[in-house]
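Keeping their order, the protein sequence lines are chains A and B.
Heads up, the first sequence stops at 248 in the numbering used here, and the numbers go up one at a time, no gaps.
Heads up, the second sequence stops at 320 in the numbering used here, and the numbers go up one at a time, no gaps.
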Amino acid sequence: MKIVVCVNHVPDTATKINIASDKKSIDNTGVTFVINPYDEFAIEEALKTKEIFGGEVVALSLGTEANKETIKKTLAMGADSAVLLRTDLELDSLVVARALANEIKNIEPELVFMGKQSVDYDSSIMGQLVANILDYNIVSTATSFNLDGNKIIAEREIEGGKETIETSLPAVITAQKGLNEPRYASLKGIMVAKRKVIEEKEIKVAENTVTIVEMKKPIAKEAGKIIGDDASAVPELVRLLKEEAKVI
Amino acid sequence: MANKIIAFVEQRDGEIKKSSLEVLKQGAVIATDTNTSIEAVIIGNEINNLDDIGKYGVSKITHLKNSELANYSVSAYTALLLSFAEESEANIFLFANTAMGNDLAPALAIKLNCGIVVDCIELEVEDNQLVATRPVYAGKALTVVKSNSEKTIFTLRPNVFTIGNISDERAEVIVKDIAEVNLTNKVISVAKVEGKLDVTEADIIVSGGRGLKAPENFGMIEEVASLLGAATGASRAAVDAGWRPHSEQVGQTGKTVSPNLYIAVGISGAIQHLAGMQSSKYIVAINKDKDAPIFGVADYGIAGDAFEIVPALIEELKKK
């Protein structure tokens with residue numbers, strides 16, 4: 001079975017975000033970039049599926065030279081090969097989805113895994129877009145995944161619960177935390193990954209359909225008051241919530 | 001600009017979701033501001049009080065009905081929405097950014113070949129064009145965006161757009177029986193935790209962190225939540241320790257929330273947690289470390305021992 005796993009290179013969640021001077025992007029100075037946390041669950045599920053059914057896992061990423069760090073990590077975890085779609089442009093979700101889908105068409109996988117959300121632009125729609133371009137089935141925000149022949153049984157998270165989905169291959173699955181426990185790259189994996197080639201492709205892209213007019217910081221919330229340091233402050237807290245904030 | 005707006009209304013178990021009422025109300029405001037029409041569409045089987053949506057400023061709703069549509073199916077719902085959208089010739093589509101809305105909207109965007117802007121926290125008309133504000137990096141930054149596409153789908157973050165005043169109007173309900181349903185993607189069961197509120201939908205959230213020391217100590221968090229009609233939340237540390245389910249995690253690799261009141265107990269306030277909750281209208285922090293970053297965003301704080309303060313809070317809340 002051929003499996004594609006899409007991986008993205010994003011600022012670490014522990015990083016402070018500052019706006020660049022163009023007021024349309026973030027200032028990358030001093031920002032540590034890491035593999036998108038949700039993509040680690042996608043990689044794990046891709047590798048587990050390969051271990052059960054055989055086949056190969058192709059890592060696919062779109063971005064700059066820097067993305068190679070995340071691709072190398074994916075290879076070290078166990079992906080067999082990798083493709084980097086090179087671009088330095090800031091692209092919107094639709095343009096990225098079309099570029100990924102184009103390459104996935106060449107690879108012709110039965111399964112595509114990716115994180116349910118990239119923790120930079122936070123749209124949570126990439127898997128759904130790619131699936132619909134390719135006419136693949138989709139399970140987004142998956143917390144469990146089982147394959148039986150052609151049949152997929154997967155759970156997805158909804159407000160206050162879960163729904164169990166039945167669908168079939170070919171499909172795109174977007175990974176939510178809880179899907180599995182991602183493995184660590186072994187020393188052997190890291191050594192083997194060094195010999196794996198990252199295929200690089202220049203891409204042609206269409207115009208963005210959505211324009212960022214401005215990027216800005218949210219209005220910072222100011223510190224309020226410390227009412228006390230023990231249980232004797234509780235009646236005053238409840239009074240403030242009722243009478244001043246009027247929220248309870 | 002807009003000559004027609006369609007608002008997608010979401011039902012679960014035959015009940016209209018509150019987040020969809022927020023979408024209707026905001027859609028009605030935009031329709032008025034741009035002097036255009038708005039109508040609603042809902043997919044499901046038996047649905048209660050559909051004409052109620054008139055109260056939120058939308059006077060017509062089409063109900064696409066079949067017993068197989070009671071549960072969500074991305075394949076069935078996408079196909080039906082696509083033909084409805086094409087027939088209506090609308091150019092603005094509004095969804096709530098829920099598990100369902102965030103799944104359907106991008107599918108429709110591809111099928112309609114139109115722009116998509118998700119998780120908006122503001123959607124306003126400027127120079128006769130819609131301008132959306134959406135958080136990125138879990139709220140550490142905001143982007144103001146415009147669509148260059150002829151047609152655009154916007155999804156609105158739940159619990160942000162206020163409903164405000166409602167009228168006594170009733171909506172015209174058009175029921176269309178659907179003959180064939182595409183169930184290549186089918187929900188075979190739904191597991192709901194009874195009476196449990198989701199953090200993204202709650203007006204009040206009571207959250208616990210590593211300061212609670214052990215999973216059994218979340219009992220008092222649940223008790224405060226129950227007394228306030230609140231949802232329970234958790235920090236990443238509490239989730240990663242296996243004390244709480246991931247569905248409760250607030251922060252950058254969990255959920256971004258903006259309730260009226262957020263009570264953080266034993267949460268120090270790591271940057272990725274603050275990003276996910278600092279747009280809450282009121283924040284209360286209970287933490288024994290008075291220098292914890294959580295106090296930097298809290299409206300009211302008690303810098304003391306949660307194991308004394310929370311039981312006292314439970315007693316105080318029980319008084320009335």
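The beta-carbon is built from N, C-alpha and C at its ideal position, and this holds for glycine as well.
Closest by C-alpha distance to residue i, when choosing among the options
| i | options | result |
| --- | --- | --- |
| A:A220 | B:G219, B:A179, B:Q278 and B:S189 | B:Q278 |
| A:T211 | B:R134, B:E86, B:P245 and B:A105 | B:R134 |
| A:L100 | A:I203, A:L241, A:S118 and A:V34 | A:I203 |
| B:N185 | A:L89, A:T164, A:L241 and A:K2 | A:T164 |
| B:V173 | B:K65, B:V23 and B:V224 | B:K65 |
| B:A138 | B:V29, B:K4, B:E308 and B:G254 | B:G254 |
| B:A29 | B:K111, B:G242 and B:I163 | Going by the sequence as given, residue 29 of chain B is Val instead of Ala. That would be B:I163, whose Cα lies nearest to the Cα of B:V29. |
| B:L69 | B:G304, B:D177, B:F8 and B:L313 | B:D177 |
| A:C6 | A:E207, A:E40 and A:S61 | A:S61 |
| A:V83 | A:K225, A:T209 and A:I198 | A:I198 |
| B:G54 | B:F84, B:E22 and B:A85 | B:E22 |
| A:K177 | A:Y38, A:G30 and A:V31 | A:Y38 |
| A:I250 | B:L227, B:A202, B:A132 and B:T98 | Nothing about residue 250 of chain A can be read from this structure; chain A reaches only from 1 to 248. |
| B:I5 | B:K318, B:V187, B:A90 and B:N260 | B:A90 |
| A:V112 | A:L134, A:I35 and A:M191 | A:L134 |
| A:Y121 | A:L94, A:N106 and A:R98 | A:L94 |
| A:T49 | A:A231, A:K196, A:E244 and A:I173 | A:I173 |
| B:I205 | B:E248, B:K213 and B:V175 | B:E248 |
| A:N208 | B:K146, B:E39 and B:H63 | B:K146 |
Rounded distance between the beta-carbons of residue j and residue i, thought under 8 Å
| i | j | result |
| --- | --- | --- |
| B:V322 | B:V160 | This structure does not reach residue 322 of chain B, given that chain B is present from 1 up to 320, and the question cannot be answered. |
| B:V285 | B:A298 | Looking at the sequence shown, residue 285 of chain B is not Val but Ala. Right, their Cβ atoms sit about 4 Å apart. |
| B:G266 | B:G209 | 5 Å |
| A:A233 | B:I314 | Contact flag wrong, Cβ pair sits at about 15 Å. |
| A:V57 | A:I138 | That belief does not hold up - the Cβ atoms of A:V57 and A:I138 are roughly 19 Å apart, past 8 Å. |
| B:T152 | A:M215 | Between A:M215 and B:T152 the Cβ distance is about 20 Å, and since that is not below 8 Å, they are no contact. |
| A:N28 | A:S118 | That belief does not hold up - the Cβ atoms of A:N28 and A:S118 are roughly 16 Å apart, past 8 Å. |
Chain A contact for residue i (CB, 9 Å cutoff)
| i | result |
| --- | --- |
| B:F93 | no |
| B:G208 | no |
| B:P106 | yes |
| B:G296 | yes |
| B:D119 | yes |
| B:V23 | no |
| B:D323 | This structure cannot speak to residue 323 of chain B, because chain B is shown only from 1 to 320. |
| B:N48 | no |
| B:E393 | Outside the modelled stretch of chain B, which goes from 1 to 320, sits residue 393 of chain B, for which no answer is possible. |
| B:N140 | Reading off the sequence shown, one finds Lys at residue 140 of chain B, where the question assumed Asn. Yes, B:K140 counts as interfacial toward chain A. |
| B:G251 | yes |
| B:G54 | no |
| B:E308 | yes |
| B:S147 | yes |
| B:G115 | yes |
| B:T98 | yes |
Residue i: first and last residue of the uninterrupted beta strand (DSSP E) it sits in
| i | result |
| --- | --- |
| B:V265 | L261 to V265 |
| A:K116 | That residue, A:K116, is in no beta strand (DSSP E); it is neither H nor E in DSSP. |
| A:N259 | Residue 259 of chain A is absent from the structure shown; chain A starts at 1 and stops at 248. |
| B:S207 | I204 to G208 |
| B:S37 | S37 to G44 |
| A:G161 | G161 to S168 |
| A:I153 | K151 to I158 |
| B:A292 | Premise fails: B:A292 is in no beta strand (DSSP E) and is neither H nor E. |
| A:S81 | S81 to R86 |
| A:M215 | V210 to K216 |
| B:R134 | Q129 to V136 |
| B:F161 | Unbroken run through B:F161: none, as it is neither H nor E. |
The alpha helix (DSSP H) enclosing residue i, as first and last residue numbers
| i | result |
| --- | --- |
| A:A42 | P37 to F53 |
| B:Y77 | V74 to S88 |
| A:N102 | S93 to I107 |
| A:A193 | L187 to R195 |
| B:F273 | Here the sequence assigns His to residue 273 of chain B, which means Phe is not the residue at that position. Here the alpha helix (DSSP H) through B:H273 covers I271 to M277. |
| A:M77 | N67 to M77 |
Test: residue i CB closer than 9 Å to a CB of chain B
| i | result |
| --- | --- |
| A:P109 | no |
| A:E200 | no |
| A:R156 | yes |
| A:P235 | yes |
| A:T29 | no |
| A:L241 | yes |
| A:M215 | yes |
| A:K225 | yes |
Near the ligand FMN: residue i beta-carbon under 8 Å from a heavy atom
| i | result |
| --- | --- |
| B:N287 | Inclusion of the ligand FMN in the displayed structure is not the case, the ligand content being empty and no account of it being possible. |
Quiz item: Does the segment 42-55 of chain A come within contact of the segment 180-194 of chain A, defined as at least 3 CB pairs closer than 8 Å?
Solution: yes
Self-check item: Cβ contact check for the segment 118-127 of chain B and the segment 57-77 of chain B: 3 or more pairs under 8 Å
Solution: no
Quiz prompt | Contact between the segment 8-20 of chain A and the segment 127-145 of chain A (3+ Cβ pairs under 8 Å) | solution = no
Quiz item: Taking three-plus beta-carbon pairs below 8 Å as touching, is the segment 70-89 of chain B in contact with the segment 82-92 of chain A?
Solution: no
Exercise. Say whether the segment 165-180 of chain B touches the segment 223-239 of chain A, bearing in mind that this needs 3 or more beta-carbon pairs closer than 8 Å, one atom from each stretch.
Key: no
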